[in-house]
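Contents: one structure, followed by commentary.
Residue numbers (UniProt numbering): 1 to 398.
Spelled out as structure tokens, the structure:
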């Protein structure tokens, strides 16, 4: 019988700078008002707080003005699809959810609370989040495996009157659309001129496909591990059946690599690999977004031999498709107008604003701004808030 290895000591783990940085967690709660004496205490807590509670009981919307609810987001995960690590459980997911909350605060001034739930059943997840919802102004779903993530988000959007946003889907989609808009502009084309192939029909693959359809992509085919999705193909779940109806006007039925012949765009969100020959078979001025981490579907240097624009999900290559470019500003904008939901138009508006940040500096290695560009979050915030008002989902008028 193989003995279980002894756990490493904290001292040895802390020799790794990643462990040292995470020691004690990355978040804390701080008060916004001082409690210096009995008068402060009587206002912050009893008896003064009772007057505020009574007012909120009479007019529930006042909770947004007299508590932190209107500026706080729940970052919710069940730990079933964490980064590229898979189903590692809620405890192991906590460092990622803490990190997400950190990014909300650093990039958009949004307070966020990581909630890692010890349940994976769809009904249980939905019920748990609904019961927690009165404490939050928005719900950011994170690292929930497909296809459950689609149903969880859809049901929560139906049940709650606050923004619900699955970042693995829509954050990736917004940034991809922004980068592809600029890549098309660089090559003298519009989205409507492009035929795209998306490898991966999980959360991000489906959302990227949907937002590209919404934005007017010329044609788009989606492939999973069994090949291109088309009507009548065996083994399609309801999500993939809907994709089959709405995509692949060219009628491809083979592999991802076969569909790439003559295609303008490749978007990789699958964790698989694509041969150089398939990239070479794409149309002139092709665009390759190999977004799987840590290993892109095709090495950037290899893709660059054939493609005009190459993007990855990694920070050590140009054109990083990073969700942090989207979700802080999306929630900041939605919270600022107390939006009841995040519409498709709001997502497209966010992508347009993000693309516009690049402006006249557009070049092959700069189709998307850096996450540290101070213009990003304000631009996305303003666009999302304005679109929420136009869509009639804002509770604070302009």
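Note that the Cβ used here is the ideal one computed from N, Cα and C, for glycine as well.
With DSSP run on the structure shown, which of helix, strand or coil describes residue i?
| i | result |
| --- | --- |
| residue 163 | coil |
| residue 140 | strand |
| residue 230 | coil |
| residue 212 | helix |
| residue 287 | strand |
| residue 35 | coil |
| residue 102 | helix |
| residue 119 | coil |
| residue 348 | helix |
| residue 111 | strand |
| residue 253 | coil |
| residue 86 | strand |
| residue 74 | strand |
| residue 30 | coil |
| residue 367 | coil |
| residue 265 | strand |
With distance defined between alpha-carbon atoms, name the residue in the options nearest to residue i.
| i | options | result |
| --- | --- | --- |
| residue 390 | 334, 359, 356 and 104 | 334 |
| residue 243 | 10, 230 and 255 | 230 |
| residue 370 | 264, 248 and 179 | 179 |
| residue 138 | 358, 262, 101 and 172 | 101 |
| residue 214 | 239, 345 and 249 | 345 |
| residue 22 | 29, 13 and 177 | 13 |
| residue 225 | 270, 320 and 140 | 270 |
| residue 70 | 43, 80, 133 and 98 | 133 |
| residue 192 | 64, 347, 265 and 203 | 265 |
| residue 66 | 227, 48, 74 and 79 | 48 |
| residue 184 | 387, 397, 355 and 227 | 355 |
| residue 384 | 339, 361 and 360 | 339 |
| residue 29 | 9, 57 and 105 | 105 |
| residue 86 | 31, 26, 62 and 142 | 142 |
| residue 98 | 24, 210 and 63 | 24 |
| residue 27 | 56, 112 and 72 | 112 |
Could you spell out where the beta strand (DSSP E) holding residue i opens and where it closes?
| i | result |
| --- | --- |
| residue 12 | Note, residue 12: premise wrong, no beta strand (DSSP E); alpha helix (DSSP H) at 10-13. |
| residue 219 | 219-224 |
| residue 195 | 195-199 |
| residue 309 | 309-312 |
For residue i, report the span of its alpha helix (DSSP H) as first-last.
| i | result |
| --- | --- |
| residue 333 | 327-336 |
| residue 270 | Careful: residue 270 lies outside any alpha helix (DSSP H) and carries neither H nor E. |
| residue 407 | An answer regarding residue 407 cannot be provided, because it is not within the stretch 1 to 398 covered by the chain. |
| residue 243 | 238-246 |
| residue 122 | 122-132 |
| residue 378 | 376-390 |
| residue 54 | 48-58 |
| residue 256 | 256-259 |
| residue 63 | 63-66 |
| residue 18 | 17-22 |
| residue 296 | Careful: residue 296 lies outside any alpha helix (DSSP H) and carries neither H nor E. |
Considering only the beta carbon of each residue, do residue i and residue j sit closer than 8 Å?
| i | j | result |
| --- | --- | --- |
| residue 197 | residue 208 | no |
| residue 313 | residue 376 | no |
| residue 343 | residue 393 | yes |
| residue 92 | residue 82 | yes |
| residue 275 | residue 247 | no |
| residue 153 | residue 166 | yes |
| residue 350 | residue 324 | no |
| residue 282 | residue 262 | yes |
| residue 358 | residue 366 | yes |
| residue 136 | residue 223 | no |
| residue 120 | residue 78 | yes |
| residue 308 | residue 386 | no |
| residue 148 | residue 126 | no |
| residue 400 | residue 326 | The first residue shown for the chain is 1 and the last is 398, placing residue 400 beyond what the model contains. |
| residue 321 | residue 298 | no |
Can you tell me whether residue i is buried or exposed, with buried defined as 16 or more other CB within 10 angstroms of its CB?
| i | result |
| --- | --- |
| residue 332 | buried |
| residue 144 | buried |
| residue 234 | exposed |
| residue 33 | exposed |
| residue 372 | exposed |
| residue 232 | exposed |
| residue 284 | exposed |
| residue 161 | exposed |
| residue 19 | exposed |
| residue 114 | buried |
| residue 240 | buried |
| residue 291 | buried |
| residue 41 | exposed |
| residue 163 | buried |
| residue 116 | buried |
| residue 286 | buried |
| residue 90 | buried |
| residue 347 | buried |
| residue 296 | buried |
If you measure from the CB of residue i, is any heavy atom of the ligand PLP nearer than 7 Å?
| i | result |
| --- | --- |
| residue 174 | As far as ligands go, the structure on display features none, and thus does not contain the ligand PLP. |
Closer than 8 Å, CB to CB, is residue i near chain B or not?
| i | result |
| --- | --- |
| residue 177 | Absent from the structure is chain B; it holds one protein chain and no more. |
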